[in-house]
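Following: one structure in structure tokens, then a few remarks.
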Amino acid sequence: MLTAPQLKATRLALRPLSQQDLAAFTLYRQQPEVARYQSWSDYDLGKAEALLNAQLGGTFGAADSWYQMAIVDKDTDALLGDLALHFIDDSQLEIGFTLAPQHQGHGLAKEAVACLLDWYLLQCSGHRVTAVCDVENLSSWRLLEALGFRREAHWIENTFFKGAWGSEYQYAMLAREWRQLRQ
């Protein structure tokens with residue numbers, strides 16, 4: 008079983024989400040532009056506390072479990088965003104990423120995902136990392152492609168989401184592909 012990591016990158020760190028993060032976490036998740044492509048609406052502190060409590064009661068890395076990592080400023084520990092980790096099984100991980108609006112567009116999500124890939128695919132011997140995003144979420148799929156993820160699927164109107172049919176892309180990265188990109 009894996010242990011929740013404390014990881015450092017150039018400008019940021021990744022660590023488990025904590026009680027101290029919940030006010031900022033709730034604040035950016037309440038913003039319509041952040042929630043647009045996410046599964047939530049009307050996010051509040053109660054939902055954030057429930058997510059943290061469920062996470063604290065679970066086992067990090069357990070098959071078919073979700074875990075939220077905080078993306079924080081390396082120097083101040085201020086919350087910038089979060090990474091969602093879905094441990095599909097003991098060798099496959101699905102990821103999602105969310106940044107507060109004021110931290111978007113500065114390469115922080117790319118740095119955070121690269122740091123996570125280094126940890127999971129290189130240090131933990133994970134085999135495969137996947138991500139799914141709305142086809143209209145240009146920032147997300149462009150970030151995945153910039154990191155070298157391969158688009159494996161384009162699902163047309165596969166999900167009824169927030170009152171309308173939506174289409175999604177699925178991306179994947181194998182450990183051997185990430186190792187090759189990092190050399």
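Note that our numbering numbers the sequence shown so that position 9 is 16, with each residue one more than the last. Ideal Cβ positions, reconstructed from N, Cα and C, are used throughout, including at glycine. All of these numbers come straight from a predicted model, not from anything done at the bench.
Proximity of residue i and residue j at Cβ, strictly below 7 Å
i	j	result
residue 162	residue 175	yes
residue 147	residue 140	yes
residue 89	residue 75	yes
residue 78	residue 119	yes
Three-state secondary structure assigned by DSSP to residue i
i	result
residue 141	strand
residue 94	strand
residue 157	strand
residue 17	coil
residue 39	helix
residue 172	strand
residue 167	strand
residue 66	coil
Buried versus exposed call for residue i [16 or more other C-beta atoms within 10 Å across all chains shown]
i	result
residue 103	buried
residue 105	buried
residue 57	exposed
residue 47	exposed
residue 188	exposed
residue 36	buried
Between the CA atoms of residue j and residue i - distance to the nearest angstrom
i	j	result
residue 138	residue 179	6 Å
residue 144	residue 82	30 Å
residue 97	residue 122	19 Å
residue 116	residue 159	21 Å
residue 59	residue 172	31 Å
residue 33	residue 134	33 Å
residue 10	residue 68	7 Å
residue 112	residue 71	31 Å
residue 91	residue 73	7 Å
residue 142	residue 45	13 Å
residue 170	residue 38	18 Å
residue 26	residue 66	18 Å
residue 184	residue 131	15 Å
residue 94	residue 156	18 Å
residue 86	residue 52	15 Å
Cross-strand partners of residue i (DSSP beta bridge)
i	result
residue 136	100, 180
residue 79	20, 86
residue 162	175
residue 9	DSSP output for residue 9 lists no bridge partner at all.
residue 72	94
residue 105	89
Below-7 Å beta-carbon distance, residue i vs any chain C residue
i	result
residue 46	In the structure shown, chain C does not exist; there is a single protein chain.
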